[in-house]
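Asks:
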Amino acid sequence: MSGDSSPGPPAAADEVLASLSEAVPSAEAGHSVGDHVIRVPAEDLARLAGAARDHGFEMCSDITVVDYLGKRRVRFEVVVNLLSVQHNRRLRILVPVPEGDPEVPSLVPVYPGANFLEREAYDMFGIRFAGHPDLTRILMPDDWMGHPLRRDFEVGAVPVQFKASPRVT
Amino acid sequence: MMAEPTATTDIWVSGTEAPDVSEWMVAGTDEGAQEMERDETVERSVEQRGSRVVDDWVVDDSVDDDERMIVNMGPQHPSTHGVLRLNIELEGEIVRRVKPIIGYLHTGMEKTAETLTFLQGGTNVTRMDYLAPLHNELCYSLATEKLLGVEIPPRAQAIRILMTELNRVSSHLVATATNGMDIGALSMMMYGFRERELILAFFEKTTGLRMNHNYIRPGGVAADLPDGWEEDVAEILERIPLAMRDYEDLLKENPIWLGRTRGVGIITADECLAYGVTGPTLRAAGVPWDLRKSQPYSGIEAYEFDVVTGSRGDVYDRYRVRIGEMHQSLRIIEQVVDTMPRGDYKTTDRKVSPPPRQRIDESMEALIHHFKIYTEGFKVPAGETYVAIEAPRGELGCYLVSDGSGAPLRMHTRAPSFSNLQALPIMMADSLVADTVACIASLDPVMGDVDR
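Those sequence lines, one after another, are chains A and B. My numbering numbers the first residue of the first sequence as 34 and each following residue consecutively. My numbering numbers the first residue of the second sequence as 6 and each following residue consecutively.
#1: Which chain A residues are close to ALA279/B, counting only those with a beta carbon under 8 Å from its beta carbon?
#2: Are there three or more Cβ pairs, one per stretch, closer than 8 Å when the region 330-341 of chain B is compared with the region 136-151 of chain B?
#3: If you draw a straight line from the alpha carbon of ASP416/B to that of ASN259/B, how long is it in whole angstroms?
#4: DSSP on PRO465/B, reduced to helix/strand/coil?
#5: Going by DSSP in three states, ARG419/B sits in which element: helix, strand or coil?
#6: Just the C-alpha distance for GLY108/B and ARG170/A, rounded to the nearest angstrom, thanks.
#7: Assuming ILE126/A and ILE71/A make a contact with CB atoms under 8 Å, what is their CB distance in whole Å?
#8: Once you ignore the five residues that flank ALA51/A on each side, which residues in its own chain have a CB closer than 6 Å to its CB?
#9: For a contact meaning CB atoms closer than 8 Å, what does LEU152/B contact in chain A?
#10: Ignoring anything shorter than 3 residues or poking outside the region 158-184 of chain A, list the beta strand (DSSP E) runs there in chain order.
#11: Taking only three categories from DSSP, how would you classify LYS104/A?
#12: Compare the C-beta of LYS257/B with all C-beta atoms of chain A and state if any pair is closer than 7 Å.
#13: Compile a chain-ordered list of the residues in the region 302-319 of chain B whose CB is closer than 9 Å to at least one CB of chain A.
#14: Quick check on LEU116/A: does DSSP put it in helix, strand or coil?
#15: In chain B, which residues lie less than 7 Å from PHE162/A when you measure between Cβ atoms?
#16: Give a yes or no on whether the minimum CB-CB distance between VAL130/B and chain A is below 7 Å.
#17: Count the other C-beta atoms from every protein chain shown that fall within 10 angstroms of the C-beta of ALA420/B, then say buried if there are 16 or more, exposed otherwise.
#18: Within 10 Å of its beta-carbon, does ILE373/B have 16 or more other beta-carbons around it, so buried, or fewer, so exposed?
#19: If you measure beta-carbon to beta-carbon, which residues of the region 364-387 of chain B are closer than 7 Å to chain A?
#20: For a contact meaning CB atoms closer than 7 Å, what does PHE423/B contact in chain A?
#21: Anything in chain A within Cβ reach of ALA427/B, meaning under 7 Å, just list it in chain order.
#22: Report the start-end ranges of each alpha helix (DSSP H) in the region 135-206 of chain B that is 4 residues or longer and not cut off at the edges.
#23: Using a Cβ cut-off of 9 Å, which residues of the region 167-185 of chain A contact any Cβ in chain B, in chain order?
#24: Is the Cβ of SER299/B closer than 7 Å to any Cβ of chain A?
#25: From this set, GLU110/A, ALA79/A, GLY133/A, which residue's C-alpha is nearest HIS165/A's C-alpha?
#26: Looking at C-beta atoms only, is the number of pairs between the region 96-103 of chain B and the region 169-187 of chain B that lie closer than 8 Å three or more?
#27: Return the first residue and the last residue of the alpha helix (DSSP H) that TYR252/B is part of.
#28: HIS177/B to MET452/B, Cα distance in whole Å?
#29: Please state whether the Cβ-Cβ distance between THR97/A and TYR404/B is less than 7 Å.
#30: In the structure shown, what three-state DSSP assignment does SER65/A receive?
#31: Taking the continuous beta strand (DSSP E) assigned at ALA393/B, which residues delimit it?
#32: Cutting at 7 Å between CB atoms, please list the residues of its own chain near ARG184/A, excluding the five before and the five after it.
#33: Mapping DSSP to helix, strand and coil, what is GLU136/A?
#34: Less than 8 Å between the CB atoms is what I'm expecting for ASN114/A and ASP95/A, so what's the real figure, rounded?
#35: For VAL282/B, name the three-state secondary structure that DSSP assigns.
#36: Can you find a C-beta in chain A that's less than 7 Å from the C-beta of HIS332/B?
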């Protein structure tokens with residue numbers, strides 16, 4: 034199939050997954066449309082990421098959030114996409130995050146490249162990454178209110194917010 | 006009766022008492038003020054001007070050195086490739102710290118994607134990385150097709166490779182051209198854009214537009230290649246290598262160019278991997294990582310090409326890698342032209358593709374089917390997937406979540422320029438301030454891709 038990018042031989046793949054599940058017992062390995070997926074509770078995310086790095090996943094290629102408002106019991110899901118250059122394979126970590134306390138541990142100590150990605154996730158969804166060195170808005174203006182990619186943040190209901198506009202008379 | 010707006014000429018300084026803006030705010034005649042509601046606006050405006058907005062990035066007090074200062078570069082600066090702003094801490098002429106500040110081009114494309122059907126989504130993603138629009142479309146289409154589970158005909162796949170590789174050449178031409186201009190080789194700027202025009206003319210002929218094509222769509226491509234495309238591509242294949250010989254004469258051993266790029270902006274392979282830096286920057290650091298080889302997509306494994314790498318990871322190596330990649334892309338294009346299969350340019354799967362035109366005249370059901378696909382959009386099975394391709398700037402990923410309806414629940418783009426920008430503080434640490442523009446140019450960030 035043309036869109037299939039799940040790499041690596043399945044046997045070797047499961048070995049790594051099994052070893053990761055062993056290191057972090059709360060992690061639950063699975064598959065999703067041909068990709069390897071691990072679900073883990075928020076408190077064990079940093080530990081699992083550390084173990085994954087030790088298993089050869091050198092790069093954190095992407096961190097994002099999905100808002101399942103009205104579709105799931107736990108509203109947010111933090112998605113971490115890891116890449117192993119040496120083993121040529123990918124791994125996706127899914128972390129459910131409740132709306133009431135949207136906090137997960139930061140991956141910056143493990144993957145320095147998570148810095149911008151986590152700032153974007155915070156900016157867009159209001160997920161706090163505990164231990165992030167500089168958790169500020171990155172794409173929206175510093176004084177923006179709300180988190181625009183949440184599904185209850187309406188498009189077009191927001192007045193124009195430019196710092197300069199009131200000053201122009 | 007509208008009150009006369011008060012002219013306020015004094016500039017209010019942060020930390021002093023905030024001026025009472027409530028009166029003229031409401032009566033303000035400018036469009037921005039009129040659109041805002043009263044209470045909320047005033048409250049928000051005071052907040053915006055209050056001390057809550059702090060520029061925390063100031064010179065460290067513990068460093069007692071008169072030589073240290075913070076210089077702001079951009080967002081309006083010709084060498085920032087768009088609207089990138091850098092806070093640079095200087096010690097004399099040495100750069101000590103850099104903080105990229107982005108978001109000036111943020112247009113909420115990921116939010117927009119949730120309101121568009123899967124078929125319309127292509128028009129949205131193609132505007133992200135405006136120098137490599139076809140790669141954006143391809144990545145998005147591959148993700149959609151992976152969730153749909155449809156087969157793409159071989160001709161459509163070959164057309165996709167042809168178009169994206171041409172796009173890679175045109176994108177690298179701009180990268181080399183602007184890299185030259187930023188360092189002072191102005192002829193390179195003219196040459197690069199001149200040859201890019203050839204490719205854009207072919208794109209216009211094929212897709213109707215020079216950029217933002219919406220040509221590669223879920224299910225195939227929008228139209229077959231135009232008549233006489235072989236001659237056009239043959240001309241590109243003939244003229245670009247000749248022009249590239251000129252570039253080599255101009256830059257490859259040019260002592261000024263070497264002096265400005267050799268050993269400048271070095272980043273090691275380990276740093277690249279840790280910071281999520283991909284593409285030519287990673288390969289210039291010596292890692293032979295190319296998703297076209299390691300995780301091939303759209304049938305690219307059928308063509309022969311080499312992964313170009315550097316060894317030092319400096320600005321010069323990144324320039325060499327781009328030149329090498331252009332040669333390799335032309336090599337792929339040559340093979341695509343020779344082996345272009347016949348057949349359909351889009352899938353015949355009726356889930357995704359509407360019935361042919363003549364069926365619509367004969368059959369009511371076909372008409373309804375056609376109407377449904379273009380109004381509601383085709384339904385994509387629930388699930389989530391991450392698909393990545395090798396864009397000119399590195400790993401371009403698309404994380405797509407469907408809830409089974411006609412529009413995505415979430416579409417996230419892993420933008421290569423966004424992650425690559427994190428390499429800038431490392432490259433520029435303890436370098437000369439004059440090398441700043443060389444570093445930015447060699448990273449080749451596209452701000453539309455960074456901010457989305």
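From the three backbone atoms N, C-alpha and C, an ideal C-beta is built for every residue, glycine too.
Replies: According to the structure shown:
#1: Along the second sequence, one-based indexing puts residue 279/B at 274. Those are GLU91, MET92, TYR144, PRO145, GLY146, listed as they occur along chain A.
#2: no
#3: Stepping through the second sequence from its first residue, residue 416/B is reached at position 411. Stepping through the second sequence from its first residue, residue 259/B is reached at position 254. Here residue 416/B turns out to be Met, not Asp, going by the sequence shown. Cα to Cα, MET416/B sits roughly 45 Å from ASN259/B.
#4: Residue 465/B falls outside the range modelled here, since chain B spans only 6 to 457, and no answer is possible.
#5: Start at 1 with the first residue of the second sequence, and residue 419/B comes out as number 414. Reduced to three states, the DSSP call for ARG419/B is strand.
#6: Counting from one through the second sequence, the residue named residue 108/B turns up at place 103. Counting from one through the first sequence, the residue named residue 170/A turns up at place 137. If I take the Cα positions, the gap works out to 9 Å.
#7: To locate residue 126/A, count along the first sequence from 1; it is residue 93. To locate residue 71/A, count along the first sequence from 1; it is residue 38. Yes, they are in contact, since the Cβ atoms of ILE126/A and ILE71/A sit about 5 Å apart, within 8 Å.
#8: Here the question's residue 51/A lines up with position 18 in the first sequence. The beta carbon of ALA51/A is closer than 6 Å to none in its chain, skipping five residues each way along the sequence.
#9: The residue given as residue 152/B occupies position 147 in the second sequence. Near LEU152/B (Cβ distances below 8 Å), the residues of chain A are VAL66.
#10: 161-163
#11: Looking up residue 104/A in the first sequence gives position 71. In the structure shown, LYS104/A sits in coil (DSSP, three-state: anything other than H, G, I, E or B).
#12: In the second sequence, the residue the question calls residue 257/B occupies position 252. So, not an interface residue.
#13: TYR302, SER303, GLY304
#14: In the first sequence, the residue the question calls residue 116/A occupies position 83. In the three-state scheme derived from DSSP, where H, G and I count as helix and E and B as strand, LEU116/A is classed as strand.
#15: Residue 162/A sits at position 129 when you count from the first residue of the first sequence. By Cβ distance, chain B contributes nothing, its closest Cβ being about 15 Å from PHE162/A, past 7 Å.
#16: The residue given as residue 130/B occupies position 125 in the second sequence. No - not a single Cβ of chain A is within 7 Å of the one on VAL130/B.
#17: For the purposes of this step, residue 420/B is taken as residue 415 along the second sequence, with counting starting at 1. Looking at its Cβ environment, which holds 16 or more other Cβ atoms inside 10 Å, ALA420/B is buried.
#18: The residue you call residue 373/B lines up with position 368 of the second sequence. Label assigned to ILE373/B: exposed.
#19: Residues are counted here when their Cβ sits less than 7 Å from a Cβ of chain A; for the region 364-387 of chain B the count is zero.
#20: For the purposes of this step, residue 423/B is taken as residue 418 along the second sequence, with counting starting at 1. Here the neighbours are PHE149.
#21: Here the question's residue 427/B lines up with position 422 in the second sequence. A small correction: the amino acid at residue 427/B is Gln; Ala does not occupy that position in the sequence shown. Near GLN427/B (Cβ distances below 7 Å), the residues of chain A are GLY146, ASN148, PHE149.
#22: 138-153, 159-188
#23: ASP167, THR169, ARG170, ILE171, LEU172, MET173, PRO174, ASP175, ASP176, MET178, PRO181, LEU182, ARG184
#24: Position 294 of the second sequence, counted from the first residue, corresponds to residue 299/B. It does; some Cβ of chain A falls within 7 Å.
#25: Reading the first sequence from its first residue, position 132 is the one you call residue 165/A. Measuring from the Cα of HIS165/A, the nearest candidate turns out to be ALA79/A.
#26: no
#27: Locating residue 252/B in the second sequence gives position 247, where the first residue counts as 1. TYR252/B -> alpha helix (DSSP H) spans 234-252.
#28: Position 172 of the second sequence, counted from the first residue, corresponds to residue 177/B. Position 447 of the second sequence, counted from the first residue, corresponds to residue 452/B. Answer to the nearest angstrom: the Cα atoms are 16 Å apart.
#29: The sequence position of residue 97/A within the first sequence is 64, counting from 1. The sequence position of residue 404/B within the second sequence is 399, counting from 1. Contact flag set, yes.
#30: As a working mapping, residue 65/A is identified with position 32 in the first sequence. It is a strand residue.
#31: By one-based count along the second sequence, residue 393/B stands at place 388. 388-396 is the extent of the beta strand (DSSP E) around ALA393/B.
#32: By 1-based counting over the first sequence, the position of residue 184/A is 151. The residues are ASP100, LEU102.
#33: By 1-based counting over the first sequence, the position of residue 136/A is 103. Note: GLU136/A maps to strand in three-state DSSP.
#34: Indexing the first sequence from 1 puts residue 114/A at position 81. Indexing the first sequence from 1 puts residue 95/A at position 62. By a beta-carbon distance limit of 8 Å, ASN114/A contacts ASP95/A. Their separation comes to about 4 Å.
#35: The residue given as residue 282/B occupies position 277 in the second sequence. Three-state result, VAL282/B: coil.
#36: Numbered from 1 along the second sequence, position 327 holds the residue referred to as residue 332/B. Cβ-Cβ to chain A under 7 Å: no for HIS332/B.
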